[in-house]
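Right, dumping it as structure tokens:
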């Protein structure tokens, strides 16, 4: 069974939690800057504590990052370099610059897996974008 630690418990984390549970995954740790309740007793809840305590937890194999965009790269970097995380799922975008992207690509050579998701790509107003014809520039 795959185990997951959820970093950030805002709106989009609900989609990740639903997907994990629908695929028989187990959430073993959660973190948010706010104190969040509602998880089973066997889930380690680091909410309201230091993020470092959550990142150093070895109860989960997959780190799921659901933070504001500008934090994604720095948290991925810290999770890998400081805490040895090897499997990361990060809400889009992974990073904001080409240099950051190149750095993330270099982790592949080390066997580190980094994935991104597009949780809302086919819901509501976003589905309209999928069916628009391509733009032509002259």
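Numbering (the numbering used here), first residue to last: 34 to 171. Beta carbons are placed, not taken as given, at the ideal position from N, Cα and C, and that holds for glycine. All of these numbers come straight from a predicted model, not from anything done at the bench.
In its chain, beyond the 5 residues on either side, 38, 62 and 77 have a beta carbon closer than 7 Å to the beta carbon of residue 90.
Residue nearest to residue 95 within the set 142, 45, 43 and 50 is 50 (criterion: CA-CA distance). At the C-beta level, residue 84 and residue 103 stay beyond 7 Å of one another. In chain order, 112 and 116 place their CB closer than 6 Å to the CB of residue 88, counting only its own chain and leaving out the 5 sequence neighbours on each side.
The beta carbon of residue 42 sits closer than 8 Å to those of 63, 64, 65, 67, 69, 80 and 99, all from its chain and outside the five residues before and after it, given in chain order. In the DSSP assignment, residue 120 falls within the unbroken beta strand (DSSP E) covering 120-124. With respect to the 7 Å criterion, residue 45 and residue 131 are not classified as neighbours on the basis of their beta carbons. DSSP lists 123 as the beta-bridge partner residues of residue 149.
Fully enclosed beta strand (DSSP E) runs of no fewer than 3 residues occupy 36-40 and 59-64 of the region 34-96, in order along the chain.
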